[in-house]
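Following: one structure in structure tokens, then a few remarks.
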Amino acid sequence: MAQNYDVIIIGSGPGGYVAAIRAAQLGLKTAVVEKANLGGICLNWGCIPTKALLRSADVYHAMLHAKDFGLTAKDVGFDIAAVVKRSRGVAGQLNQGVGYLLKKNKVDLIWGAARLSGKGKVAVAAAENPPKGALGPGDYSARHIVIATGARPRELPGLERDEKLVWTYFEAMVPPAMPKSLLVVGSGAIGIEFASFFRTLGAEVTVVEILPQILPVEDHEIAAHARKRFEKQGIKIHTEAKATKLDKGKDDVTATLELKGGKTETLKVDRVISAVGVVGNIENLGLEALGVKTERGIVVADGLGRTNVEGVYAIGDVAGPPMLAHKASHEGVVCVEVIAGKHPHAIDKLKIPGCTYCNPQIASVGLTESKAKEAGHELKIGRFPFIGNGKAIALGEPEGLVKTIFDAKTGQLVGAHLVGAEVTELIQGFVVAMNLETTEAELIDSVFPHPTISETMHESVLDAYGRVIHV
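-4 is the number of the first residue of the sequence shown in the working numbering; add one for each residue after it.
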């Protein structure tokens, strides 16, 4: 006999486990189905372990520049195996934390591969390494089923990973040895973070991007600033270019690159990282039999997580861009609140911040300048460089830029874009401001603490309205 629930959530990533906890808080009998890793890709193979790697690279970079701070550091080096071990340890700790949170909130964990076997029905097949206390394979039922199966790396013909010479982020996160040279195909957040990590540790890195700018979703000025910084660090960047062929040797790859203007060249590297996006995990879920609408590799859902089939919902990466962990978590909360009969606001994707944790960091929310113009806004734009900020100079981080975009008629903040030290921690200030429908008047009247890098945010707003002080 099938075990009955109010809600079954398929997938335990940042969308799934957060949705499960919120559902339990609302008094719903809840279960999560997982087949591989509690916490999903983000916690185990994405957001968290990559930040651990990048932190090691940042500390190494600071040690190399100890002299700039009046310090001495001799025989500075790194052990890539130890760097990777620390990263995996951080992921492992948080993996256990998710299990604890589910248990604390009395959410049942069902271990196995799930498939929708009918309306309100989930069939779970056995999977390896079930954790202690998890329910096993079998038939389960629920009035509401939430698809939170995430996404996986997109693979292009000729760029398929082989786990040795051609990597996706899975292999790039656990390199068995430090490559001397790398080709990174794709310059979105994943590609740029790995380019930054390996370059900081000394690898020769080349980035190929098919579009006219790196970091294609970012504002053009921020992307241009970042590109100059990357190139100054020694990263070679080709935009409007693509890798057309990979010839694999015993322990290296010769890539054929088609560059801007049609010129072709070859590049020999130790390893290739394919970072050309991700695609939703929609296969083998039984969606077709129930008539759940999918489109271009994702499940189609509205701003409340509802699909076209009653009782079936989708959240997170599997429900489409932006494919970000915090978007998934928020969607999960909204979705289960709808299930519980509450009336949450539909998610506004323009108010979801994006962060890239390379060196320099990049963060943004809202419309870019070009998108704001396309939307018909008459604009007031403010800019403030880090070189005008005392804290940034004291930290040895004088290179950076904050750009704010306002609607000239209403004063509405429609976009904020930052590049520089710790901007991934600063962006939430603009996110809160946009959610509160703040205008320039409130931001100008706000008192920012001194000395902090956050003062660059204030100065950028002042600049938009001709009142900037420190430039």
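Heads up, the beta-carbon is just placed ideally off N, CA and C, and yes, glycines get one too.
On a predicted model such as this, the values are computed, not experimentally measured, just so you know.
Using 10 angstroms around the beta-carbon of residue i, count the other beta-carbons present and answer buried if the total reaches 16, otherwise exposed.
i	result
residue 157	exposed
residue 320	buried
residue 28	buried
residue 279	exposed
residue 464	exposed
residue 64	exposed
residue 208	buried
residue 266	buried
residue 388	exposed
residue 51	buried
residue 356	buried
residue 97	buried
Looking at the structure shown, is residue i part of a helix, part of a strand, or coil, going by DSSP?
i	result
residue 396	strand
residue 291	coil
residue 455	helix
residue 42	helix
residue 88	helix
residue 423	helix
residue 460	coil
residue 345	helix
residue -4	Its pLDDT being 49, under 50, residue -4 is placed unreliably by the model, and the measurement read from it follows with that caveat. Reduced to three states, the DSSP call for residue -4 is coil.
residue 386	helix
residue 83	helix
residue 139	strand
residue 467	In the structure as shown, the chain starts at -4 and stops at 466, and residue 467 therefore has no counterpart that could be examined.
residue 448	coil
residue 379	strand
residue 438	helix
residue 119	strand
residue 401	strand
residue 243	strand
residue 63	helix
State the Cα-Cα distance for the pair residue i and residue j, rounded to the nearest angstrom.
i	j	result
residue 397	residue 378	6 Å
residue 161	residue 428	43 Å
residue 347	residue 282	28 Å
residue 204	residue 363	20 Å
residue 130	residue 339	32 Å
residue 417	residue 211	21 Å
residue 21	residue 76	44 Å
residue 9	residue 223	34 Å
residue 17	residue 233	45 Å
residue 255	residue 235	5 Å
residue 315	residue 66	48 Å
residue 197	residue 111	48 Å
residue 166	residue 395	31 Å
residue 57	residue 414	19 Å
residue 307	residue 128	27 Å
residue 68	residue 61	6 Å
residue 140	residue 120	17 Å
residue 276	residue 289	11 Å
residue 457	residue 439	6 Å
residue 241	residue 153	7 Å
residue 292	residue 303	16 Å
residue 214	residue 369	13 Å
residue 92	residue 374	45 Å
residue 287	residue 335	22 Å
residue 109	residue 329	23 Å
Let me check one thing: in DSSP terms, what residues is residue i bridge-paired to?
i	result
residue 178	201, 267
residue 146	275
residue 356	415
residue 361	410
residue 4	27, 141
How about residue i: is its C-beta nearer than 8 Å to some C-beta of chain B?
i	result
residue 60	In summary, chain B is missing from the structure at hand, where a single protein chain is found.
In chain order, which alpha helix (DSSP H) runs of at least 4 residues are fully inside the region 276 to 329?
282 to 285
Counting only runs that start and end within the region 190 to 239, where is the alpha helix (DSSP H) found for 4 or more residues in a row?
215 to 227
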